[in-house]
Amino acid sequence: MAAHPARTHDAHGGPPAWAAQPASTRTRPRTAGRLALGAFLAFAGISHLTTAREEFRAQVPTWVPLDPDTVVVASGVVEVALGAALIAVGGRHRAVVGWVVAAFFVAIFPGNISQLVTRTDAFGLDSDAARAVRLLFQPLLVVWALWSTGAWRAWREHRAKASAAR
1 MAAHPARTHD AHGGPPAWAA QPASTRTRPR TAGRLALGAF LAFAGISHLT TAREEFRAQV
61 PTWVPLDPDT VVVASGVVEV ALGAALIAVG GRHRAVVGWV VAAFFVAIFP GNISQLVTRT
121 DAFGLDSDAA RAVRLLFQPL LVVWALWSTG AWRAWREHRA KASAAR
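So in UniProt numbering, spot 140 of the sequence shown is number 140, and the numbers just go up one at a time.
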């Protein structure tokens, strides 16, 4: 059975073939980057649940059909879990974690756009320029997640092998 990038498990319940971790992705810079991103996410998640909860509530777009506090708590729990996964998960599962973290950063991006459009002040972002600069960092977080886990490279190498086998 051929693995497909959209699949999250192979026929035996393990990670898909495209998630295989080539040895070259386990370098010190990647490991340091992955651990730093994991710590950042865990810290952000804990902040959602504690000291910065009010600031995060202010950032929930009005078009989200859920109670803002529920959104903040749920996203905080997800961030803690993703941070822990970045720190603890290894082997072939690491690339899957990278894709999930990248997808999370994409999923929360509309909230950052909403903060700019509605001119919502939070976390010292009290000008359109500051809020716009923040938007530039979200794609960097996606790249950071994919690079530090070797996810993008593993997927590219899998595609190259699949093309060569045809």
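For every residue, glycine included, the Cβ atom is placed at its ideal position computed from N, Cα and C.
Selection from the options that minimises the alpha carbon distance to residue i
| i | options | result |
| --- | --- | --- |
| Arg131 | Leu146, Gln115 and Val72 | Gln115 |
| Gly150 | Trp99, Val77, Leu41 and Lys161 | Trp99 |
| Leu82 | Val142, Thr62 and Val101 | Val101 |
| Ala122 | Ala74, Leu140, Gln59 and Arg159 | Gln59 |
| Ser75 | Thr50, Trp152, Ala36 and Gly90 | Thr50 |
| Arg92 | Arg28, Arg153 and Pro29 | Arg153 |
Which of helix, strand or coil DSSP assigns to residue i
| i | result |
| --- | --- |
| Ala160 | helix |
| Ala42 | helix |
| Ala52 | coil |
| Leu82 | helix |
Rounded straight-line distance, which links the Cα of residue j to that of residue i
| i | j | result |
| --- | --- | --- |
| Leu86 | Phe43 | 13 Å |
| Leu146 | Asn112 | 20 Å |
| Asp69 | Ala165 | 51 Å |
| Val64 | Ala162 | 41 Å |
| Arg156 | Val143 | 14 Å |
| residue 167 | Arg34 | Look at the range of the chain in this structure, 1 to 166, and you will see that residue 167 is not part of it. |
| Ser127 | Thr31 | 35 Å |
| Gly90 | His158 | 18 Å |
| Thr118 | Ala39 | 30 Å |
| Phe56 | Pro29 | 31 Å |
| Val78 | Ala88 | 15 Å |
DSSP beta-bridge partners of residue i
| i | result |
| --- | --- |
| Leu125 | Ala122 |
First through last residue of the alpha helix (DSSP H) which encompasses residue i
| i | result |
| --- | --- |
| Pro110 | His93 to Val117 |
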